[in-house]
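*Asks:* Below you will find the structure I want to go over with you.
4 protein chains.
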Amino acid sequence: MMKKATLLFLIVSLSILPAMSPATAATKKEAVDAVVIASFGTSYPEALKAILTIDKEMRKEFPKAEIKHAFTSNIIRGIWHDRADDAAWKKANPGVPGWLYDVKGPLATFGALQEEGKKRVVVQTTHVYAGEEYLDLKAYVDAIAGIDTLRAKWKPFSYMTLGRPALGKAGLHPEYRNDIEAAAKTMAADVKKAKKMGAVLVYMGHGNEVFPTSAYIEFQKTMNSMYPEVTTLVGTVEGYPGLDDVTTALKHIKTKKVFMKPFMVVAGDHARNDMAGDEDDAWKTVIEKMRIKVTCELKGLGENPEWAKLYAEHAVDAVTVHTGK
Amino acid sequence: MMKKATLLFLIVSLSILPAMSPATAATKKEAVDAVVIASFGTSYPEALKAILTIDKEMRKEFPKAEIKHAFTSNIIRGIWHDRADDAAWKKANPGVPGWLYDVKGPLATFGALQEEGKKRVVVQTTHVYAGEEYLDLKAYVDAIAGIDTLRAKWKPFSYMTLGRPALGKAGLHPEYRNDIEAAAKTMAADVKKAKKMGAVLVYMGHGNEVFPTSAYIEFQKTMNSMYPEVTTLVGTVEGYPGLDDVTTALKHIKTKKVFMKPFMVVAGDHARNDMAGDEDDAWKTVIEKMRIKVTCELKGLGENPEWAKLYAEHAVDAVTVHTGK
Amino acid sequence: MMKKATLLFLIVSLSILPAMSPATAATKKEAVDAVVIASFGTSYPEALKAILTIDKEMRKEFPKAEIKHAFTSNIIRGIWHDRADDAAWKKANPGVPGWLYDVKGPLATFGALQEEGKKRVVVQTTHVYAGEEYLDLKAYVDAIAGIDTLRAKWKPFSYMTLGRPALGKAGLHPEYRNDIEAAAKTMAADVKKAKKMGAVLVYMGHGNEVFPTSAYIEFQKTMNSMYPEVTTLVGTVEGYPGLDDVTTALKHIKTKKVFMKPFMVVAGDHARNDMAGDEDDAWKTVIEKMRIKVTCELKGLGENPEWAKLYAEHAVDAVTVHTGK
Amino acid sequence: MMKKATLLFLIVSLSILPAMSPATAATKKEAVDAVVIASFGTSYPEALKAILTIDKEMRKEFPKAEIKHAFTSNIIRGIWHDRADDAAWKKANPGVPGWLYDVKGPLATFGALQEEGKKRVVVQTTHVYAGEEYLDLKAYVDAIAGIDTLRAKWKPFSYMTLGRPALGKAGLHPEYRNDIEAAAKTMAADVKKAKKMGAVLVYMGHGNEVFPTSAYIEFQKTMNSMYPEVTTLVGTVEGYPGLDDVTTALKHIKTKKVFMKPFMVVAGDHARNDMAGDEDDAWKTVIEKMRIKVTCELKGLGENPEWAKLYAEHAVDAVTVHTGK
């Protein structure tokens, strides 16, 4: 197993994070009229818990603001809209909040906020890292935020700003390594469970083919530095590192047990089928064929209140940075 | 009275307008999913006729598209939303189309179209000329049209384009002088009435303080060239040419009669109060003090089907130019 | 002749111009590293006086900055570059400043300033009004000013800003009417000469076909308000108002004398040929055929130190507005 | 040592690269008027070979175009400009091409090209991967390419396009993994040398703190898949993976020999001092303290004609993609 190092370095490096006067940040937060929590969405009622946990953490940070949800997936919005007219489904799923049956995409959500006269808006992505979907959302937010009318009062919003993903984004401030560090800190419970099992901890992320995904591999490195008691491996459905990287490492480590979880905000299709399914190419099946015992936990990252809180903190940062200019 | 000239030149110059194959233009028009008619809006039920006439002409050009209306005035949208809950008002105004009670601004209208899956959208302003409000609307449309997602299919619309105002806009194609010419052609009935009265024809436009408003003065010149039988004067509420220019000219001409109309798409507040009102600074009062008899007609430009048709034609042009690239 | 009016109104309206503390403006001016005076250019040595007068006024306002000239015309730059190798021409034209033989376009001039390490740059157009050439120049300046590197220190310039044309530009601040007013004030000497001659004062501007040119017609109105002792008419080579508008007015006024000057920054080809030439379609010829005596003065606007000073003041304004943000 | 895999997959995946008709690509290449090779620059005469090799490969692809060099480093340009006046230095370094003494930054180089009337321009970065410096250069190129004059003929260039770094860039086409694959193919000679030595091959890249640098770690993975006979490790001066990742792996592998090269286009300061220097924190020193024998080769990537050819190919791709739209 690889040696773990540099924990001290990481702790020290955290001490140079910019210190914001809590009073000032609080004042800025209070001026926010609305927060839009933008997710890909999920059609699984049992997976909603992740989004609702983020909702709860966000309300703690922005108690006076209107909290709205936008789903970027047209298909998933369509499923919820269909359920709006399905009395049987609704009766069978009594805990589902009403807003889901009328959930909109980002553009219509922004339009609705303008109609309501909300002027100061922060949008918070629930993406894990800054990949294609985050950049597409950013394109929407930047476009609306950049509308420049002759007189400032006719702009759709006095400001609209976007909170970064859990694992951060490229740029000078804040450094994405600090975000990776903060994210790893929220995973202690997973490490504890894996240690108890004597298992390697494997996370299945989404990834993508078109953007560099070093956030995953740096997250893996940070986990192994922070929690030397357990080996953590991260793979992605699309792109690097892949399942092949995970299995290569597992062979090398010669472990007999794996504790596997989705490294996605909700435990939806990918978690249920690609990770824990019974198909030949499901990760569980592939790893079990290596004579390794696999225990899966179908909980999205957002179900962890500490992880959910990262998004709320990033929303606060976005407001602070924006209005502090 | 000023001499009139150059009619021949104008007729000849029109013959060089680009000829578009009707078949091609028709094909492109048929692909449009939705047309958004964007107006400042009006709270006067009797002034709605202008917008409904534009709606009718637009439906003739785009029989298969969804036609939506957006009002840019927050105050006027608010008035209609209040009326939605006012049963007495609704009973007293039975002819008002239902969409008015839920009319939205451009951003929310665009959002609603995306939710409906409309992909090819043309927005048509009902502004008279390219001033502040048109440029603000353009800022909204350009922002939405410019959203550039990684994969084209995730853009909010496959295209969104904006039709120019009645009197055109700056730029190479089409020349705004051709639009002014086409607009003047639709005013023959006004000239006829003025001639019958032996009156000078006075139009009150809106204008503005911050953008050059030569469209008005060039429209005046074109009217006088096209209809030498009547003197036409154009003034604006804000900016150049003003009421002082109109009264200076009226003194010079020594006329005894004026036929006055709003040169605005709807006959709303400005027409009813600033133009035809009884206050000391109403144009009617000011001109009557010059011992000139003033006859006002409270009809918005949009009530003239030929003028309304200009907007429908500009929407078609916007589609043709856009999709022809 | 048209009545003149509203002089009082104009004087009063000027009193609401924003007052800038001279100390602050001075401090900002002193921080400017370089001023680029951007002209179309001229190949006539005798017309250079206009540009050199602007140069002189600019140096008074920015004594510590480097003053550079850029010519936007490829053809005119080519003529000067050819002369660089023409010893005979140079000997015959001893007064020509050396920089002309190496004059560059805006882009190469900006590049040269970056190489020299100049960080704070103001570009001042010498255009009369905000037409096509000004907007093209603005496209260049906006592009360079908008280059957004990750770290601010790698931007080509810490700021680059553009001074508006003599007759102003659309927008809230400053109102272009104030600029027209200030421009008209510099023309007293022309009015005096015309009055002495008993002549109508006719200016030939450049104009264009594609942008509204109401700056010219509003300038004409302002001249007639400010100097009621003489009738001023403005026509343009391209666009509205045209020579036809001038001749229509001259017929109406029944004058016997015209004092005609170019309303262009340099007295180049248009002034020498289109205005004062002997061809049948030269303005002088056309007006003389109306049995009107025409006296031409071949001096560009820039040769008038008061007009030249307008550009220097606009450069200062651009810096003040920019750095005051 | 990690197992090597998936070579077959990679070979297969390469077969789906888009096939461009050579004839078409050739036609497009011939239309290019100028190529700007944009480097950070180097002051070491002996390191110039890298840039001159790229120059040579570029001329093979664009025999009819003007080839210009731009250096982005202000300091390095200053060093060369000082040498221009240093006769002794020039005499001692007779092989240095003359253009170096007058080398300019990108903006001044673009300006010079416009003065020369070059209309179709491709800019080719010599960066290894798409980090801060590439994105800064892209900001310059995008700004110039985006200048939108009213008439297309007044744009500075009819087109200006930018070739991607050696290891590619994020986006759909081409996939950066194909670029990493192609880059790894050019390293066979290094692998051969390392194998002969029985050494681990270590590359020192530049990296950065602010952009995800997975290109390096994916390059490492690709090297190990493509050349299973030798272990390749990649570290960076700034960011992930760092020297600590290299030393952790070296300890784990228990090798006795390292063959170390800069993974930078030129072998400049970093290679001579940070990598192969005698200071305590030089990589050579650090690794030697692990009782590992280190052999350094001070050759920049650009000195390898196959690597240099990657840039020429990327320039061709940029033209083909651009003009193929």
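Residue numbers (the working numbering), protein chains in the order written: chain C, 1 to 325; chain W, 1 to 325; chain U, 1 to 325; chain H, 1 to 325. The beta carbon of each residue, even a glycine, is placed where N, CA and C say it ideally should be.
(1) Find out if the Cβ-Cβ distance for the pair C:V234, C:F211 is shorter than 8 angstroms.
(2) Just to confirm my understanding: we take U:D244, look at its own chain, exclude 5 residues before and 5 after, and list those with CB closer than 6 angstroms. What are they?
(3) Beta carbons nearer than 8 angstroms to chain H: which residues of the stretch 161-190 of chain W have them?
(4) Does the beta carbon of U:I217 come closer than 8 angstroms to any beta carbon on chain W?
(5) Whole angstroms are fine: how far does the CA of C:I51 sit from the CA of C:P305?
(6) Our contact map puts C:P165 next to C:Y129 with C-beta atoms below 8 angstroms; I'd like the distance itself, whole angstroms only.
(7) Over what stretch of residues does the beta strand (DSSP E) that includes U:N234 continue unbroken?
(8) Do you know offhand how far U:G239's Cα is from U:E209's?
(9) Give me the subset of the stretch 96-124 of chain W whose CB atoms are less than 8 angstroms from a CB atom of chain C, sorted by chain position.
(10) Please classify W:H314: is it buried, with 16 or more other beta-carbons within 10 angstroms of its beta-carbon, or exposed?
(11) Is there contact between the stretch 102-110 of chain C and the stretch 77-88 of chain C, where contact requires at least three CB pairs shorter than 8 angstroms?
(12) Within its chain, find whatever has a CB closer than 8 angstroms to the CB of C:R291; leave out the 5 residues flanking it on each side and keep chain order.
(13) Any idea if U:A34 is buried or exposed, counting beta-carbon neighbours within 10 angstroms, 16 or more meaning buried?
(14) Closer than 8 angstroms by beta-carbon distance: list the chain C residues that pair up with U:L135, in chain order.
(15) Could you check which residue in C:E30, C:M223, C:S39 and C:G146 has the C-alpha nearest to that of C:A308?
(16) If you draw a straight line from the alpha carbon of U:T213 to that of U:G131, how long is it in whole angstroms?
(17) How long is the line joining the alpha carbons of W:A249 and C:H69, rounded to whole angstroms?
(18) Determine whether the beta carbon atoms of W:L301 and W:F263 lie at a separation below 8 angstroms.
(19) Assuming C:V191 and C:V230 make a contact with CB atoms under 8 angstroms, what is their CB distance in whole Å?
(20) Please report the straight-line C-alpha distance between U:K64 and U:V32, rounded to a whole angstrom.
(21) With H, G and I counted as helix, E and B as strand and the rest as coil, what does DSSP make of W:T213?
(22) Can you give me the C-alpha to C-alpha distance between H:K261 and H:T222, rounded to a whole angstrom?
(23) What runs of the alpha helix (DSSP H), each 4 residues or longer, lie entirely inside the stretch 43-73 of chain C?
(24) Keeping to the same chain, check which residues put their C-beta closer than 8 angstroms to that of W:K155; ignore five residues upstream and five downstream.
(25) Taking the C-alpha atoms as reference points, what is the distance between U:L167 and H:G242?
(26) Taking the beta carbon of C:P106 as the centre, do at least 16 other beta carbons fall within 10 Å, making it buried, or is it exposed?
(27) Leaving out five residues before and five after U:K195 in sequence, what residues of the same chain have Cβ atoms less than 8 angstroms from its Cβ?
(28) Using a Cβ-Cβ cut-off of less than 9 angstroms, list which residues of the stretch 34-58 of chain W approach chain C; keep chain order.
(29) Between the stretch 202-227 of chain H and chain U, which residues of the former have a C-beta closer than 9 angstroms to a C-beta of the latter?
(30) Can you give me the Cβ contacts of U:Y227 inside the same chain, cut-off strictly under 7 angstroms, excluding the 5 residues immediately before and after it?
(31) Pop quiz: C:T186 and C:Y216 are said to be a contact at Cβ under 8 angstroms. What is the actual Cβ separation, rounded to whole angstroms?
(32) Can you list the alpha helix (DSSP H) stretches of 4 or more residues lying completely in the stretch 89-161 of chain H, in chain order?
(33) Among the residues of its own chain, which have a CB less than 7 angstroms from the CB of H:K138, if the five just before and after it don't count?
(34) Classify U:F259 as helix, strand or coil using the three-state DSSP reduction.
(35) At a CB-CB cut-off below 7 angstroms, which residues of chain W make contact with C:W326?
(36) Identify every residue that forms a DSSP beta bridge with C:M204.
*Replies:* With the given structure in hand:
(1) Here the question's residue 234 of chain C lines up with position 234 in the first sequence. Here the question's residue 211 of chain C lines up with position 211 in the first sequence. Not closer than 8 angstroms, so no.
(2) Within the third sequence, numbered from 1, the residue matching residue 244 of chain U stands at position 244. Taken in chain order, the list of residues that qualify is empty.
(3) G171 and L172
(4) As a first step, residue 217 of chain U must be located in the third sequence, where it is residue number 217. Yes, contact with chain W.
(5) For this step, residue 305 of chain C is matched to residue 305 along the first sequence. For this step, residue 51 of chain C is matched to residue 51 along the first sequence. The straight-line gap from Cα to Cα measures roughly 11 angstroms.
(6) Numbered from its first residue, the first sequence carries residue 165 of chain C at position 165. Numbered from its first residue, the first sequence carries residue 129 of chain C at position 129. Indeed they touch by this definition, with Cβ atoms about 5 angstroms apart.
(7) On the third sequence, residue 234 of chain U is found 234 positions in, with the first residue counted as 1. The sequence shown places Val at residue 234 of chain U, not Asn. Residues T232 to E238.
(8) Taking the third sequence and counting its residues from 1, the one referred to as residue 239 of chain U is at position 239. Taking the third sequence and counting its residues from 1, the one referred to as residue 209 of chain U is at position 209. So the alpha carbons of these two residues sit roughly 5 angstroms apart.
(9) Shown in chain order are the members of the stretch 96-124 of chain W whose Cβ falls below 8 angstroms from a Cβ of chain C: K104, G105, L107, A108, T109, F110, G111, A112, Q114, E115 and G117.
(10) Taking the second sequence and counting its residues from 1, the one referred to as residue 314 of chain W is at position 314. Burial of W:H314 is indicated by the presence of at least 16 other C-beta atoms within 10 angstroms of its C-beta.
(11) Segments in contact, yes.
(12) Position 291 of the first sequence, counting from 1, holds the residue named residue 291 of chain C. Excluding sequence neighbours, C:R291 sits near K256.
(13) Here residue 34 of chain U refers to the residue found at position 34 when the third sequence is read from its first residue. Buried.
(14) As a working note, residue 135 of chain U is residue 135 in the third sequence. By Cβ distance, chain C contributes nothing, its closest Cβ being about 17 angstroms from U:L135, past 8 angstroms.
(15) Here the question's residue 308 of chain C lines up with position 308 in the first sequence. Closest option to C:A308, Cα to Cα, is C:S39.
(16) Along the third sequence, one-based indexing puts residue 213 of chain U at 213. Along the third sequence, one-based indexing puts residue 131 of chain U at 131. Their backbone Cα atoms lie some 8 angstroms apart in a straight line.
(17) One-based indexing of the second sequence puts residue 249 of chain W at position 249. One-based indexing of the first sequence puts residue 69 of chain C at position 69. Cα-Cα distance, rounded: 60 angstroms.
(18) To locate residue 301 of chain W, count along the second sequence from 1; it is residue 301. To locate residue 263 of chain W, count along the second sequence from 1; it is residue 263. Contact flag set, yes.
(19) By 1-based counting over the first sequence, the position of residue 191 of chain C is 191. By 1-based counting over the first sequence, the position of residue 230 of chain C is 230. With 8 angstroms as the limit, C:V191 and C:V230 qualify as a contact, their Cβ atoms being about 5 angstroms apart.
(20) Counting from one through the third sequence, the residue named residue 64 of chain U turns up at place 64. Counting from one through the third sequence, the residue named residue 32 of chain U turns up at place 32. Using only the alpha carbons, I get a separation of about 8 angstroms.
(21) Reading the second sequence from its first residue, position 213 is the one you call residue 213 of chain W. Looking at W:T213 - three-state DSSP - the assignment turns out to be coil, as it is neither helix nor strand.
(22) Taking the fourth sequence and counting its residues from 1, the one referred to as residue 261 of chain H is at position 261. Taking the fourth sequence and counting its residues from 1, the one referred to as residue 222 of chain H is at position 222. Cα to Cα, the separation comes out at about 17 angstroms.
(23) 48-61
(24) Working through the second sequence from its first residue, we reach residue 155 of chain W at position 155. So the qualifying residues of the chain are I147, D148 and T149.
(25) On the third sequence, position 167 is the one that residue 167 of chain U refers to. On the fourth sequence, position 242 is the one that residue 242 of chain H refers to. Distance between the alpha carbons of U:L167 and H:G242 is about 60 angstroms.
(26) The residue labelled residue 106 of chain C in the question sits at position 106 within the first sequence. Classification for C:P106: buried.
(27) Here residue 195 of chain U corresponds to residue number 195 of the third sequence, with the count starting at 1. Only E229 and V230 meet the Cβ criterion.
(28) none
(29) V210 and F211
(30) Here residue 227 of chain U refers to the residue found at position 227 when the third sequence is read from its first residue. Beyond the five residues adjoining it in sequence on each side, U:Y227 comes within less than 7 angstroms, by CB distance, of V191 in the same chain, given in chain order.
(31) By 1-based counting over the first sequence, the position of residue 186 of chain C is 186. By 1-based counting over the first sequence, the position of residue 216 of chain C is 216. With 8 angstroms as the limit, C:T186 and C:Y216 do not qualify as a contact, their Cβ atoms being about 16 angstroms apart.
(32) 106-115 and 132-145
(33) Position 138 of the fourth sequence, counting from 1, holds the residue named residue 138 of chain H. Taking H:K138 as the centre and dropping the five residues before and after it, the same chain places the C-beta of L162 closer than 7 angstroms to its C-beta, in chain order.
(34) If you number the third sequence from 1, residue 259 of chain U lands on position 259. U:F259: strand per DSSP, three-state reduction.
(35) Only positions 1 to 325 of chain C appear in this structure, which leaves residue 326 of chain C out of reach.
(36) Numbered from 1 along the first sequence, position 204 holds the residue referred to as residue 204 of chain C. The partner list for C:M204 (beta bridge, DSSP) reads C:G235 and C:P262.
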